[in-house]
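Here UniProt numbering is used: position 51 in the sequence shown is 51, and no number is missing along the way. Virtual Cβ for every residue (Gly too), placed ideally from N, Cα, C. First up is the structure itself, then whatever we jot down about it.
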Amino acid sequence: MGEPQRPDVFISYHRAIHLAQADLLHQALLARGLTVFKDDASLRASDHWLDALGEALQGCRRFVVLLGPRGLGRWVGAETSTVLNRHFGAQEAQERPQIVPVLLPGAPDLATLPFLGLLQGVRWEEEEAPPDALVEALTRPLAGVGAVADDGPPAEALLPPDVCPWVGLASFQKEQARRFFGREREVLAALNLLGRTPDIPSIALLEGKGAPAQALAGSSTPYRRWLHIVGGSGSGKSSLMRAGLLPLAEQGALSARTGLDDWAVTAPMLPGNDPLVSLAEVLAPALKEKSLDLLEKLRHGPPETLRLWLRDALGQRPIGVLLVIDQFEELFTLSSASARARLDLLLTEALTAPASPLHLVSTCRSDYQHRIAEDLPRLAGLLNTLTSPFTLTPMGRAGLAQAITAPARLGRLTVQPELLQALLDDAEDDPAAALPLLQHAMETLWLRRPRGAPAAPGVLTLAEYDALGRLGGLLASEADRLLAGLGDARSPMRRGALELLSALAHFHPEGRHTRQSLTWLQACRQAGQGFQAADLARGQQLLGALSGQRSRAADTAAST
Numbered sequence: 001m002g003e004p005q006r007p008d009v010f011i012s013y014h015r016a017i018h019l020a021q022a023d024l025l026h027q028a029l030l031a032r033g034l035t036v037f038k039d040d041a042s043l044r045a046s047d048h049w050l051d052a053l054g055e056a057l058q059g060c061r062r063f064v065v066l067l068g069p070r071g072l073g074r075w076v077g078a079e080t081s082t083v084l085n086r087h088f089g090a091q092e093a094q095e096r097p098q099i100v101p102v103l104l105p106g107a108p109d110l111a112t113l114p115f116l117g118l119l120q121g122v123r124w125e126e127e128e129a130p131p132d133a134l135v136e137a138l139t140r141p142l143a144g145v146g147a148v149a150d151d152g153p154p155a156e157a158l159l160p161p162d163v164c165p166w167v168g169l170a171s172f173q174k175e176q177a178r179r180f181f182g183r184e185r186e187v188l189a190a191l192n193l194l195g196r197t198p199d200i201p202s203i204a205l206l207e208g209k210g211a212p213a214q215a216l217a218g219s220s221t222p223y224r225r226w227l228h229i230v231g232g233s234g235s236g237k238s239s240l241m242r243a244g245l246l247p248l249a250e251q252g253a254l255s256a257r258t259g260l261d262d263w264a265v266t267a268p269m270l271p272g273n274d275p276l277v278s279l280a281e282v283l284a285p286a287l288k289e290k291s292l293d294l295l296e297k298l299r300h301g302p303p304e305t306l307r308l309w310l311r312d313a314l315g316q317r318p319i320g321v322l323l324v325i326d327q328f329e330e331l332f333t334l335s336s337a338s339a340r341a342r343l344d345l346l347l348t349e350a351l352t353a354p355a356s357p358l359h360l361v362s363t364c365r366s367d368y369q370h371r372i373a374e375d376l377p378r379l380a381g382l383l384n385t386l387t388s389p390f391t392l393t394p395m396g397r398a399g400l401a402q403a404i405t406a407p408a409r410l411g412r413l414t415v416q417p418e419l420l421q422a423l424l425d426d427a428e429d430d431p432a433a434a435l436p437l438l439q440h441a442m443e444t445l446w447l448r449r450p451r452g453a454p455a456a457p458g459v460l461t462l463a464e465y466d467a468l469g470r471l472g473g474l475l476a477s478e479a480d481r482l483l484a485g486l487g488d489a490r491s492p493m494r495r496g497a498l499e500l501l502s503a504l505a506h507f508h509p510e511g512r513h514t515r516q517s518l519t520w521l522q523a524c525r526q527a528g529q530g531f532q533a534a535d536l537a538r539g540q541q542l543l544g545a546l547s548g549q550r551s552r553a554a555d556t557a558a559s560t
């Protein structure tokens, strides 16, 4: 089989571009007595080469990825994803492989590559020999390898002093991906569910390596076109999708599983009152078409309208189209029955046609999941065939700690160990909403941090956190601020907000208070204090103000 399949170093590279550099690095490491896996030198033409490749990726102690103008690309991205799965899936630090990005001329900014932005990369300029720093880094003894280098993130990954490393109560957006931590394992696990989904992820990621894209079509493993992320309110579904999945998809993480190198990824679609309008508004720009022309076809064309439009827009280009629907439950709470039925028909036809380029990622609150079978019967029929469901559970203590401390390093800040312990202890009282509450607490502490020289590090302390009232006091202060913005005690908006907040809680005489769920229409009626159209409109305006969501037009046809 050639080289041992548990090598010291695995070299991942674009053979058509970086073969010369890979050869030089291979020779330099062999001269140091290391065992090195480099595909053309370590594999023989046999029926078991794919197994050997997978074993090397699963067994290597160090993983070197050569990055040039193409960034990750299909197969380098697949190999990198496999090792990232190992890294974030390891229970103990010593089980994690060391990942060393090597930045060749024209390589993208390391901070823009998801999951690699906190690693210490090594630059390899035009000189022929590998940099001494790279060779030394790969030959020194391993000890307690972690996701972040001991000497901190590279300079290009650091945030400007005036940018808060945390995002507060809002969900993460794609442009904040470099600040999204603690969900790495879930992001990679969810991505593994799109495309080919066999039992062994590492082999799945590598299937067809070196072969044309059509090689994937003959695989006997299931092909999943729809990734459906389900979780409770506040569990972080939108953040996972926007700041985790989408940046990786745009970097080529789906290529190996699907056989498609190029992807058109839509902006996240919120269904709203008219999901056909929302669909046209996100899909047409992604393919550089006119949304009004598409909308007319979606409203009045035959069932295959969406698939045919995609075919005409793409022409002969082998491009995958990833439609992203956030807050899928809006199809049940805001959309009319007729618009919902039309979307059900169009999406189902486009997802089930064998030659269709359409793939779908959606997020949905778990308490609305049953409505798919009731109100979207065609899409419901795909749940056991073309769909990969992914249940997002609340973040554990280790993930929450990473979400606090990793952004702090980007912002040149130190979190007192006593403060970290107190934050994690307090978050256990409400695990479902722990991440936004902690992000809000850290944002508030950052705003009140000591100000020194612009580049001077700051320390966030337990004393300041106690002075703010800890998580409960911070949330109460934010609620008071929102209520104050709604007018005085006689204001209809303020009275409606108090009525709504009371209706969302069940108060037990012995103090075991619990949450109560309301449908969107019930919440609008409660906030608007009435059943008339004007009351519902006022209730919707109030809900928008309280939630920070985009404004919604009155929609008395919203289903219950």
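Item, Value
"Just checking my contact of residue 562 with Gly232 at CB under 8 angstroms: how many whole Å lie between their CB atoms?", "Past the edges of the chain, shown from 1 to 560, lies residue 562, and the structure says nothing about it."
"Could you pull the DSSP bridge partners for Ala264 from this structure?", "Val321"
"Could you name the residues of the same chain whose beta carbon sits closer than 8 angstroms to that of Gly73, not counting the 5 residues immediately before and after it, in chain order?", "His14, Gly252, Ser255 and Asp261"
"Which same chain residues, not among the five before or five after Val122, have their C-beta less than 8 angstroms away from its C-beta?", "Val100, Pro101, Val102, Leu103, Pro131, Ala133, Leu134 and Ala137"
"Got a sec? Which residues, its chain only, sit under 8 angstroms from Ala217 by beta carbon, not counting five neighbours each side?", "Confidence at Ala217 is low in this model, with a pLDDT of 39, below 50, so the placement of that residue is unreliable and no value is reported for it."
"Helix, strand or coil: how does DSSP classify Thr139 here?", "helix"
"On a CA-only basis, which of Gln540, Pro417 and Ala190 is nearest Thr461? Give me that one, please.", "Pro417"
"By DSSP's criteria, Arg62 is part of a beta bridge. Which residues make up the other side?", "Val9 and Gln98"
"Measure the alpha-carbon distance for Gly272 versus Arg62 and round it to whole angstroms.", "47 angstroms"
"Helix, strand or coil for Leu292? Go by DSSP, reduced to three states.", "helix"
"Since residue 562 and Met493 should fall inside the 8 angstroms C-beta cutoff, what is the C-beta to C-beta distance between them, to a whole number of angstroms?", "For the chain, the structure presents residues 1 to 560; residue 562 sits outside this window and is missing."
"Report yes or no: is there a C-beta of chain B within less than 8 angstroms of the C-beta of Glu79?", "Of the protein chains in the structure, only one exists, and it is not chain B."
"For Leu364, which residues does DSSP report across the bridge?", "It is worth fixing the name first, because residue 364 is Cys in this sequence and not Leu. Looking at the DSSP assignment, Cys364 forms a beta bridge with Val230."
"Name the one or two DSSP bridge partners that Tyr223 has.", "Arg196"
"Is the beta carbon of Leu66 closer than 8 angstroms to that of Ala22?", "yes"
"Give the secondary structure of Gly183 by DSSP, where H, G and I count as helix, E and B as strand, and everything else as coil.", "The question names Gly, but residue 183 in the sequence shown is Arg. Arg183 falls in the coil class under three-state DSSP."
"With Leu270 as the anchor, note down where its beta strand (DSSP E) starts and where it stops.", "Element bounds for Leu270: n/a, residue is neither H nor E."
"Exposed or buried, which one is Asp429 when buried takes at least 16 other CB atoms within 10 Å?", "exposed"
"Which word fits Gly472, buried or exposed, when buried means at least 16 other C-beta atoms lie within 10 angstroms of its C-beta?", "exposed"
"Taking three-plus beta-carbon pairs below 8 angstroms as touching, is the region 365 to 384 in contact with the region 161 to 177?", "no"
"Identify, in the order they occur along the chain, each residue of the same chain with its Cβ nearer than 6 angstroms to the Cβ of Ala189, setting aside the five sequence neighbours on each side.", "none"
"Mind checking who Pro389 pairs with in its DSSP beta bridge?", "His228"
"Leu116 and Phe390 - do their beta-carbons sit closer together than 8 angstroms?", "no"
"Using DSSP bridges, identify the partner residues of Gly458.", "Leu413"
"Go through the region 300 to 348 residue by residue and report every complete run of the alpha helix (DSSP H) that reaches 4 residues or more, in order.", "305 to 314 and 330 to 333"
"Based on the DSSP output, what are the partners of Phe115 in its beta bridges?", "Beta-bridge pairing links Phe115 to no other residue."
"Check whether the region 324 to 338 and the region 286 to 297 touch, using three or more Cβ-Cβ pairs below 8 angstroms as the test.", "no"
"Is His359 helix, strand or coil by DSSP?", "strand"
"Identify the continuous alpha helix (DSSP H) that holds Ser278 and give its terminal residues.", "Pro275 to Ala286"
"Following the continuous alpha helix (DSSP H) through Asp429, name the residue where it begins and the one where it ends.", "First-last for Asp429: undefined, no H or E at that position."
"Rounded C-beta distance between Thr363 and Ser171? I'm assuming under 8 angstroms.", "That pair is no contact at about 10 angstroms."
"Just the Cα atoms here: how many angstroms apart are Cys524 and Leu360?", "30 angstroms"
"Looking at C-alpha atoms only, which residue of Pro450, Thr35, Thr444 and Leu435 is the closest neighbour of Gly236?", "Leu435"
"Could you name the residues that DSSP lists as bridge partners for Arg15?", "Answer by DSSP bridge pairing: none, since Arg15 is not bridged."
"Please check the pair Gly234 and Ala433, which I expect to be a contact at CB under 8 angstroms, by giving their CB distance rounded to whole angstroms.", "4 angstroms"
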